[in-house]
Amino acid sequence: MTFVWRRCVAVAMIGVVTAMTAWLLFPSSSAATLCVLSAGVALGELLVIRSDDRLGLPLSYALFVVLASSFDWRASTGAIIVALVVVAPLQVDIEHRSRAQLAVHHGLVATGALLTFRGVFALVGGHERLGVVVAALLVTVAAMIGVDQLVRVAFGYRTGFDDRGQRSWAAIASSGVLMAVGERGVDGIGHLGVWGAMLFSIPLIAAWFSFDRLDTAAIAHRQTIEALAMAPEHAGLVNPGHSDRVARLSVAMGRHLGFERADVDRLETAARLHHLGAVTLDDPGYGGAPMPAATIAHVTADMMRGIESLAAAGDIVARAGSQRSFTFLDARGNTAALALQYANAYDEAVCEQSVAPGVALQLLRQSAGECDERESLVIDALEFVTLSGMTVVQSR
Amino acid sequence: MSVASERLLWLMLSMMDSFPPRLRSFTVALVLGGSAVSLVGLMRSPGVAATPLIVLGALAIASEHQRVRLPNGMLLSPGFMVGMTAIVVFRDTAWLAGPMIVGASMGVPTRHFGPHGRGWIAFNAANFALATGSAAALYHLIPVHFVDSLPLGILAVIPCALAVVAVESVVVAASYWFEDRSPLRECLGSLVPALVQAIPFAFVGFFLGHLYLDLGWPIVMLLLVPIILMRGVFTSYLEMRATNEATMQVLVRALELKDSYTAGHAERVATYARYIGEELGLPSWRLDRLRSAALMHDIGKLVVPNQLLNKPGKLSAEEFAVVRRHEQVTVEMLEHIDFLRPIAVSVSGDHSHFGNASSDGSIEAFAIAVADAYDAMTSTRSYRRALSQEVAMAELLDKAGTQFHPECVTALRDAIARRGERHGAGYEASAEAWQVTPPAAGLGSAGLGDLSDGLERV
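Same order as they appear, the protein sequences are chains A and B.
With my numbering, letter number 192 in the first sequence gets 193, and the count goes up by one each step, no holes.
With my numbering, letter number 43 in the second sequence gets 535, and the count goes up by one each step, no holes.
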């Protein structure tokens with residue numbers, strides 16, 4: 002059982018015990034229900050749908066919708082604050098953020114939800130009709146998105162509202178609304194209580210599980226490629242860290258050149274594996290003939306092209322090894338290959354031949370000579386990312 | 493028989509052109525049985541409301557479109573959730589016919605509209621209708637005051653889920669039997685996992701039914717969003733898994749390019765290791781990890797120069813040290829991958845030696861060691877031709893308890909015997925032209941030493 006799961010079990014047990022105690026002590030109040038929902042918030046804080054920038058959406062946001070729509074706001078705020086105070090210290094090592102920031106961030110989102118639902122509901126005269134309740138809940142979710150994005154901007158995080166972020170919000174919004182309607186009912190009808198909220202969280206938990214599995218598989222895939230990329234370095238065929246540096250440079254250049262996300266991913270894979278073929282050739286140290294870079298590139302490309310999911314990255318490696326003789330290829334692929342070619346040449350010059358970065362750039366410009374517009378753009382991108390230090394890599 | 497009935501029967505039979513005769517007869521009986529029960533249900537009910545029938549029927553079809561096949565072959569479908577909703581919604585009106593009609597609509601996903609798939613529409617519709625009908629009958633027997641009281645009422649869901657899973661499994665198992673295929677054991681063996689999968693969805697369906705009765709059909713639509721999302725993301729996950737598996741094949745290709753004698757070695761070791769893991773009853777996530785670790789157990793060999801890897805003669809001490817370095821590199825590379833890190837050290841080198849005091853007892857490592865040794869012995873290498881299966885197995889059994897984990901050895905022997913597979917001399921799949929004809933006997937690899945004695949022993 003992982004550390005997160007152990008904490009989940011601990012939080013769930015605390016929730017059950019406190020809810021039972023509250024029920025025994027105050028059977029006629031909503032204290033027991035609030036204890037269960039607070040434990041739900043605490044659990045939801047531990048189960049996070051990650052976005053690409055590793056900051057994610059906690060499932061507790063769906064519980065905020067329930068709390069906002071069902072309880073006296075003072076009691077709800079108290080329960081949420083208690084839950085956040087309990088959970089923030091547990092959560093801090095996952096998010097790599099300070100406890101205070103985390104509590105403020107989620108506290109503001111929860112408060113935004115409470116105020117919005119009460120405000121909207123008051124605005125429409127408090128009519129208890131299904132359409133009105135659902136509309137108020139949807140506006141509440143919209144307000145939560147707004148507050149969340151504002152806080153992220155204020156704290157200097159990326160907003161995380163990419164495709165995956167949008168899908169995460171869709172899951173949280175739809176489940177939160179359904180859980181809220183199930184919990185509170187409408188005009189006294191359909192009130193399933195805390196059972197409704199708990200049971201309708203199942204599809205959300207299933208969606209979280211799917212996101213989590215996808216995340217794990219994506220990390221495993223990236224790490225497998227990184228492990229493969231280590232082989233030429235362990236064999237002493239390239240300098241330590243070469244493939245990682247070339248990958249960072251290529252990714253930064255690809256982003257600067259405005260590549261789509263999928264194209265950047267392919268370029269990174271190509272950059273990491275571009276030297277892998279060298280390990281299959283006879284070692285020059287044991288009597289083998291030294292192999293030109295083009296041969297290594299083509300052996301690598303052949304290996305990669307045999308695997309459907311790596312074929313496109315293999316094409317980039319092949320083109321990068323073709324010394325600009327790829328007029329027959331499409332423009333986008335050519336630019337990616339050029340980016341890899343220049344990133345590789347720059348790293349070899351700077352890290353293997355100890356050439357100063359500025360001189361290396363000058364030499365590369367000179368060697369390009371009368372190049373076309375696309376090649377000029379690639380060299381400009383290389384200059385920009387090396388001078389601005391924007392060599393980011395997409396892995397953790 | 494009336495003309496209409498005859499035409500209906502002809503239409504049904506023509507839908508099942510691609511079915512073997514026995515399966516066709518079974519399907520016809522199934523459809524007639526399902527229709528008869530529905531008809532009786534319709535006649536005994538005061539009437540079926542059209543709106544829930546249309547809404548839930550459409551939702552059932554949509555749910556079946558959202559199903560995904562898990563890596564273990566099981567289908568994950570939210571279909572019964574809608575079935576359970578129908579059971580609750582129709583309880584006081586058409587308690588049998590309503591759920592059966594909704595259940596039948598689960599059998600009409602568009603993927604079966606092709607010329608060879610239409611028979612399955614009839615089969616699945618009848619199967620799902622009967623399964624949902626049996627659950628509805630059980631639910632109907634439970635007193636109203638019990639199912640309407642929360643939280644006790646949700647317990648009523650469990651026998652319903654059990655009835656659905658049982659009826660579906662029996663019908664599918666029977667269809668395999670009529671088709672002259674006999675995975676009866678697999679069908680019945682999947683009962684418990686299918687039930688575990690069905691129960692959470694059935695709980696949601698139960699509450700959804702109550703909400704439908706109280707608040708109307710629009711509320712049901714809210715549930716579609718997370719389910720569609722879940723399906724989309726889960727499909728992406730399965731694709732990513734496949735991509736990662738394919739990426740590992742790059743390693744296999746690289747190793748094969750370095751040493752043609754080891755062609756297929758990594759894949760075979762992964763297969764044998766999986767046999768052992770299955771025999772030992774490892775859970776699916778550990779089987780996945782076992783397969784990946786087995787595929788990559790030789791990854792460190794990528795750093796060994798080709799000239800040393802393919803040297804037919806004896807290695808010098810210096811060369812041997814270079815070759816042995818691959819074990820350390822394997823550990824470093826496997827440790828780079830989170831999910832393989834827990835077994836990285838034990839997979840390589842002395843740690844997988846059963847009798848070694850430093851062994852950490854990882855069963856995956858022992859399984860890979862046995863699989864590696866078995867394949868090393870039953871494959872031709874540059875220094876030795878393949879041994880027979882009997883010699884290899886005798887060698888493993890001889891060293892079981894000292895070098896190899898005895899349970900792993902027994903598991904491999906049983907798994908291969910059950911499958912009736914033959915490996916080794918005379919059965920090699922890749923007996924490609926050898927550059928240099930290897931000697932008939934020699935080292936066993938995987939730390940087995942000289943196997944010349946083994947030939948005489950068996």
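In this text, a Cβ means the ideal position worked out from N, Cα and C, and glycines have one as well.
- The three-state secondary structure of F812 of chain B, taken from DSSP, is helix.
- Assigned with DSSP and collapsed to three states, R51 of chain A falls in strand.
- Assignment of V239 of chain A by DSSP, reduced to helix, strand and coil, places it in the coil class.
- Closest option to A114 of chain A, judged by alpha-carbon separation, among A:A143, A:A123, A:H128: A:A143.
- Inclusion of L703 of chain B and L38 of chain A in the CB contact set at 9 angstroms is not warranted, their separation being larger than that value.
- L743 of chain B has a beta carbon lying within less than 9 angstroms of a beta carbon in chain A.
- Between S569 of chain B and chain A, the shortest Cβ-Cβ separation is not below 9 angstroms.
- Annotation note: the stretch 583-662 of chain B contains the following uninterrupted alpha helix (DSSP H) runs of length 4 or greater, listed N- to C-terminal: 589-597, 610-633, 636-639.
- At least one CB atom of chain B sits nearer than 9 angstroms to the CB of W196 of chain A.
- Any Cβ of chain B closer than 9 angstroms to the Cβ of M21 of chain A would place that residue at the interface, and such an atom is absent.
- Per DSSP, L721 of chain B is one residue of the alpha helix (DSSP H) stretching across 716-750.
- In this structure, the alpha-carbon of A666 of chain B lies about 10 angstroms from that of E660 of chain B.
- For P710 of chain B, the uninterrupted alpha helix (DSSP H) segment begins and ends at 710-713.
- For A298 of chain A, the secondary structure class from DSSP, reduced to helix, strand or coil, is helix.
- Between G177 of chain A and Y62 of chain A a beta carbon distance of about 7 angstroms is seen, short of the 8 angstroms cut, so the two are scored as contacting.
- Taking V252 of chain A as reference, the option from A:N240, A:V265, A:G259, A:S244 with the minimal CA-CA separation is A:V265.
- If you check the CB distance, L200 of chain A and G183 of chain A come in under 9 angstroms.
- Among the residues of the stretch 221-246 of chain A, those with a Cβ less than 7 angstroms away from any Cβ of chain B are A221, H222, Q224, T225, I226, E227, A228, L229, M231, A232, H235, A236, in the order of the chain.
- The C-beta distance from A618 of chain B to L522 of chain B rounds to 4 angstroms, short enough to meet the 8 angstroms contact threshold.
- Listed as beta-bridge partners of S880 of chain B by DSSP are B:G916.
- Using a Cβ distance threshold of 9 angstroms, L832 of chain B and M869 of chain B do not count as a contacting pair.
- Around the C-beta of H897 of chain B, 16 or more other C-beta atoms lie within 10 Å, and the residue is accordingly described as buried.
- The CB of T735 of chain B comes closer than 7 angstroms to the CB of H222, S310 in chain A, given here in chain order.
- The Cβ atoms of L383 of chain A and Y347 of chain A sit closer than 9 angstroms to each other.
- For L365 of chain A, the enclosing alpha helix (DSSP H) covers residues 358-369.
- Contacts with chain B at 9 angstroms (Cβ-Cβ) include S176 of chain A.
- Residue environment: M14 of chain A is assigned as exposed (fewer than 16 neighbouring CB atoms within 10 Å of its CB, all protein chains considered).
- Using a Cβ-Cβ distance cut-off of 8 angstroms, the stretch 540-556 of chain B and the stretch 566-582 of chain B are in contact, since at least three pairs of beta carbons, one from each stretch, lie closer than that value.
- Around the beta carbon of W170 of chain A, 16 or more other beta carbons lie within 10 angstroms, which makes this residue buried.
- Annotated as distal: A786 of chain B and A813 of chain B, with beta-carbon spacing of 9 angstroms or more.
- Taking a beta-carbon distance threshold of 9 angstroms, P28 of chain A does not count as an interface residue toward chain B.
- Beta-carbon to beta-carbon, L365 of chain A and L743 of chain B are separated by about 33 angstroms, too far to satisfy the 8 angstroms threshold.
- In the DSSP assignment, V187 of chain A is bridged to A:I190.
- Contact with chain A is absent for H637 of chain B, since none of that chain's Cβ atoms lies less than 9 angstroms from the residue's Cβ.
- When C-beta atoms of the stretch 213-227 of chain A are compared with those of the stretch 103-121 of chain A, fewer than three pairs fall below 8 angstroms, so the two segments do not count as touching.
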